[in-house]
Each structure stands twice: as C-alpha cells, then as structure tokens.
C-alpha cells in the first residue's frame, strides 16, 4: 500500500452564493487547488466528488461527469460519493485508497453543496433524507430534533449545561472571524446563544450550523512524488471509516457516536498514534452538542467531560487541543457535501503554518472528523507534516 | 496492487416490486450473495452501494448506512457511489480498488434502485437529472430524445436501419425468457417493435429499457484468498473508467461514446487482452441504439457495423460474440443503480458455467459495460475464470 500526501488545497468563500452556479463553484475551488499544487490539469487522472443531494437541491445527479466536463478534465475517471454530511470525508477517503492502490497517481478529492437555491423548509426536508425515512422522518423527526435528544441525554447523564453548549458556538464564531473563507465574521456571546430562538429544546438557533453554499478541493499524490510539487506535503497518516444504525432508536448509547469511536480507532491504529499526539482537530459540529460528543469520542477527554474541557478553554486557540480553528461547521458554514473536504483543507493549512491569525503554533499532527446524519457514518483522517 | 476476485453473487427478481421495501430488496440480494460465497457476514469489512437517486425516488439519502444497518453489518465501512445509470459499475470498481489497495479484504459491491414508487412522469423527470440540467433538461430533452439524436446520426452516417434497432430488442427479450430473474418473459417480433408507440423518433416504446425495481450484489476477495470460499473464483482481470462531456452538444461524435472507448482501452490494457479474447459481454442497452454503439465502441466490430453484426445473428446466443445473454437492460430490466452490478452477476454466472439454458459454451472471459447518462460516464470490466 503506497503512502499518500496532500499537495494542494482550495476553497470557495462559504455562505449564500447567489451569483455563481453549482458547476462554477467547484471550478473556483478546483482552480485554487490546482494552482496551489502547481500541477498541470492533464496530469490528474481521477476525480472524487463528495455531494449529499444535488438531486434534491439543484435537480442534478451525475455531478462527477458534470464537474469533469466543466473543468475540462474529461476523460478523467470521475466518481461521486455520498454519505449525507460525511460525503466529503468519504470522497477524500476513496481518493486516498485510489492513490494507495496504485490505480491512480494524481487524484482530486472535492466536495460541494449548493443549498440556498431552495427555501429553508425545502432544505430541512432534503437534509432529513439523511435520517431513516421510515422510522424517524415519517414521525416528524428533523436533525435538530435528533441531536436535541442526544443533548438532553448528555445533560442528564453528565451534567453538561446549556451554557457549555453555547460556549462551543461562541468559540467557533470567534475562530471564524479569523478565517476569510468563513460564512460568519460575527462574534457572539453565551448570552446571545441562550436567548436565541428555540429550535428543538435544548438546542437554540445559535446551537445549529447554518445552511451554506460552498465547495472545497484537495489534490492527492503518492507520497514519494509529492515533493516535486510542494516543499510542505502533508501525509495522510491514517484513515478510518465506520457505520452505525442510521436511526437513533437502535443505538447502545445516545451520548456518543460509536461510528466515530470505531473510525478513530482505525485511523489512530493506521497512523501509529493516539489522541495525545494530535495538535489540533476539525470535528463535525453540526450542532454544539455534536462537538462535545466528538471531542470525547475522539479521545481528547473522558466521556462526559467535553463540556468541561470546552468551558476551561482547552479547545480554544491557545488551549491544549484547539478544535475547529476554521470556525467549524457552526462558524465557517456547512455546505454538507463540501464540509469533509474543507476540514482537510484547514488541517493542511495549519500543518503548513499558513493559517495566519488562527495558526496553532508548531502544529505537526492534525485530525479531521466528518459525520453523516446522526452518526450512521463517521470518517476520521490523521494528517501530519512530512519532515 | 493485489489481484481481486468475485466469490459470490446474488440478485432479486427484477420488475415491479410492490410488496418489498427499498431496504429489504438489497437485503434479499445480499443474503443470496453471502450464501453463495459461503462467507460469514462478520468477515465483511466494507460495503459499496451503487444507487442513482433514492433521494428522488424514495426520499432517502445516506443509503449505505441504511443498508449496513438493515443487514446487521455495522460498523462496516459503508459508502454510496453515484454516476447515474453507471452507479453500479462504479460501486463495483471502487470495491475492486479497495481490495486491491489492501485497505479491505472482503468487500460487498451492491446496487439498488426502487423506481416504481413514483408515477412514470416523475421517474422520467428524476432520470433526466442525469443529463445536463442547464443545457439539456431545461430545453426539454429527456433521455429517449438524447439517444434518438444519436440513433438518427448513426442511421444517417452508416445506414443503420430501424429494423436492425428492433432486432436488438427482439434478441434481448428472447434471452430474458431464459433468465428467471428478468422482468420480461415475453418474446417479441421485429414487427411488434416497429409498430410500438413512438417515443422519440426513431425510437419506439420497444426500443426503450423499462422502469424497474431491483437489487444486485457481489462479494469480492483478494484473489489469493478466493479459493477458500469457492472452486470457481472469477478474476477481475481489468477495470477501466472514463468521463465525457455530460451533454451531447460538446461531443466530437454522436455515433459512439468516447467514454466507452477510453474505459475499454484501460480495461483491456490492464487485462492484457483485446476484444477478440472476449467470449461474451453484457453491454449498456438502455436503448437499442446504445447496444449497437457499444459493440462498436468495445471493438467487437468496426464503427458503423453494429447493426449488421446484430442482423447477422452474431450477437445472439450461439453467435460469434453473444451480447446481453441476461436479457440486458431491455429484457432483464433496468433498475438504474443496480444494473452495473447485475451485469457482473451475469458474467460471473456464465464464466462459472451456471447459466442454464442461456449458457455460452466454454465461456472463459467476459466483459461488463455500464454507462451513465448519455455517455458522461462509462466503466468497463473484464472478468475471467481463474484456472
């Protein structure tokens, strides 16, 4: 199995993108990644695109062909990968496997979602198709409701507070202010979060990630060829993926995601590392409770201590384990199919030392954690500088 | 790169499946494949599902998690792959790459589509999302119209006749009568095809593949471990995938699919074989003209001679190169995401010598050819007996 490295990254601005089409968005991110890698488009030999639901959002399936066509990359092998909000993370993983196998050398892993072309109710309905249609959605459960169930149980078992949930949002908005690509450049306070309109108790509007348009792109290469393109290739040291029951009612626990635990175990094992080796992480904070569960499930603290770790400031910039320096899904925005790729872009940017005002000093090892639905899918990647 | 073999296959009956749900359909095909391989479900470590548009057809995305859950396979790594009607073929290819890479050993490649829960107009609209939404669908082009353009050009350039198109449907219905899993067990005549209602001139109703529910499943293993499970493992000797412009107006030609030509070139090269080595093929006959173009693009005859080869009976059972012994998309049915996997199931069944009345005597090498949209994606696999 060959080692694989990231040699280029690119993003669009995240937010409401009314003046650019679906196909143009990914082209913008792709051109940035290609220029960043200094690679010729003709050298690329495969493309993986993470996208949750262009069929519902913009009435377009078969988007890998569309993207290859619009980017002038035909006859490149072009494949769309879907696992709800983990589509991007899985696209990245398929690209890693394709390079590792020797089937392809230079591979694009991209992610895109254009969500604001629909009205909000339509978006919520489309996103709900990531839950179990027969056992959850038919009963009226949307994603805020499902994560609210997990939040209530976490509060009941471990004494996690609404203030601690709010602190996740406050931190991530603060980080987003330092990220030019983020949707929100607005600092918020704990009081503002607590007073924001209720969505599904105890989750309030400012506990929820927004609806976002955006695209992200990375270029992968065999590690032994990576230095032809960049002085700071970033090695994909570990990759892990796991599934769990798609609906909550069959789970052993509501206070964590077993898919995250399993995916992390596999990624750490492959990397020969553990959570203590990680300098920073991008985790899947679709709701504030999701970040608290994630930092526990990934091993950055004991189960039940995520709220406390957040309150103590250890997940902020300058803390023991900075989480979501990009602003996370909450502050940077959450174009669902793009999120998993955008997380990798942030980790690569940090490990290169190019993150500007949000730079984590001396970052050598980073982790990206992407979740589909309420935890039916999770994927974890451990990246490190090649020195 | 490790060699990869198929050790088990399974299908559901193709057709209108009103009494079984989406999730149950794939379970049925999966259990057959697992029993066929004689493998324990606990040994499986990854699942790839080809599906075009469950989001539109049954309001369910995130289906790889759903399938893993419903099959009791969690925490298996579960990934959905989409490329319109080539979704199954690409899922198979990702599974092959995953085993080849060493990341996974025993991998399920499955395909599913449940299309008849929508009214026909809804299905046609959903399928149209595989074409270019802005440049084709918005103008009113549906898939019969796009393939009709190709048919007219093929007739104009090469003298292909409506009777020759009809002969494809007649042959495939005849083959389907010998396949217990096929949607249609009805022989038809050239006259019946010619007199069937027009859909998009020159294509008539009986030139078009039907709307179908169905699921298909294969189990892959590293070739060196395959004989633990079966006496007749089937080697994946070659795999090739290519893209082309998603819309027809940018193509260099309308009388063939360049994506098929490129994918075949890659698959033949990897297999160290050419079209003359192939004993039988399953090709993507979504419309009769598509089979004629495919047998040319795959090299079984010269460009323009596909109609003649069909008329001479060389693509029928007993001919020089039997095509679509399963009944093809036309006779067996076309549950779009399942088709690419079902093609592999037929080739494996033939190479094992288990195809009953439709058996091709002494078949050693077979080819599966799956197309997305009007040729924006094509994927070709060459399989052979391991002796």
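Chains as they are written, first to last, in my numbering: chain A, 1 to 387; chain B, 388 to 774. For glycine and all other residues, C-beta sits at the position ideal for the given N, C-alpha and C.
Backbone secondary structure at residue i - three-state DSSP
i                      : result
residue 757 of chain B : strand
residue 398 of chain B : strand
residue 577 of chain B : helix
residue 567 of chain B : coil
residue 531 of chain B : helix
residue 441 of chain B : helix
residue 5 of chain A   : strand
residue 598 of chain B : coil
residue 124 of chain A : helix
residue 316 of chain A : coil
residue 479 of chain B : helix
residue 69 of chain A  : helix
residue 303 of chain A : coil
residue 60 of chain A  : coil
residue 165 of chain A : helix
residue 544 of chain B : helix
residue 749 of chain B : coil
residue 274 of chain A : coil
residue 103 of chain A : coil
residue 228 of chain A : helix
Where residue i meets chain E, residues with beta-carbon distance less than 7 angstroms
i                      : result
residue 262 of chain A : No chain E appears in the structure shown, which is made up of the protein chains A and B.
Bridge partner(s) assigned by DSSP for residue i
i                      : result
residue 630 of chain B : B/764
residue 329 of chain A : Paired residue(s): none; residue 329 of chain A is not in a bridge.
residue 385 of chain A : A/234
residue 282 of chain A : A/368
residue 591 of chain B : B/585
residue 465 of chain B : B/434
9 angstroms Cβ cutoff, residue i in contact with chain B
i                      : result
residue 58 of chain A  : yes
residue 69 of chain A  : yes
residue 17 of chain A  : no
residue 83 of chain A  : yes
residue 78 of chain A  : yes
residue 245 of chain A : yes
residue 1 of chain A   : yes
residue 53 of chain A  : yes
residue 209 of chain A : no
residue 6 of chain A   : no
residue 382 of chain A : no
residue 137 of chain A : yes
Chain A within 9 angstroms of residue i, Cβ atoms only
i                      : result
residue 510 of chain B : no
residue 516 of chain B : yes
residue 407 of chain B : no
residue 555 of chain B : no
residue 823 of chain B : Lying outside 388 to 774, the shown extent of chain B, residue 823 of chain B is not represented and no answer is given.
residue 800 of chain B : Any answer about residue 800 of chain B is impossible in this case: the structure gives chain B only from 388 up to 774.
residue 686 of chain B : no
residue 529 of chain B : no
residue 520 of chain B : yes
residue 599 of chain B : no
residue 859 of chain B : Residue 859 of chain B lies beyond the residue range present for chain B, which begins at 388 and ends at 774; the question has no answer from this structure.
residue 628 of chain B : yes
residue 540 of chain B : no
Delimiting residues of the beta strand (DSSP E) encompassing residue i
i                      : result
residue 48 of chain A  : 46-50
residue 83 of chain A  : From DSSP, residue 83 of chain A is part of no beta strand (DSSP E); its letter is neither H nor E.
residue 602 of chain B : 601-609
Run of the alpha helix (DSSP H) containing residue i, from where it starts to where it stops
i                      : result
residue 291 of chain A : 288-297
residue 499 of chain B : No alpha helix (DSSP H) contains residue 499 of chain B, which is instead part of the beta strand (DSSP E) from 494-500.
residue 353 of chain B : The structure shown has nothing for residue 353 of chain B, since chain B only spans 388 to 774.
residue 711 of chain B : No alpha helix (DSSP H) contains residue 711 of chain B, which DSSP labels as neither H nor E.
residue 352 of chain A : Per DSSP, residue 352 of chain A belongs to no alpha helix (DSSP H) and is neither H nor E.
residue 22 of chain A  : 22-37
residue 656 of chain B : 645-658
Taking any Cβ of chain A, which residues in the region 487-513 of chain B have a Cβ under 9 angstroms from it, in chain order?
487, 488, 489, 490, 491, 512 and 513
Of all the residues that make up the region 638-667 of chain B, which are near chain A by a beta-carbon distance shorter than 7 angstroms?
645, 646 and 649
Output, in sequence order along the chain, the residues in the region 352-373 of chain A whose CB is closer than 8 angstroms to any CB in chain B.
372 and 373
Please identify, using Cβ separations under 7 angstroms, the residues of the region 557-570 of chain B that lie next to chain A, in order along the chain.
none
Going along the chain, which residues of the region 88-100 of chain A sit with their C-beta nearer than 7 angstroms to a C-beta in chain B?
90, 94, 97, 98 and 100
Residues of the region 331-343 of chain A with a CB closer than 9 angstroms to any CB of chain B: list them in chain order, please.
none
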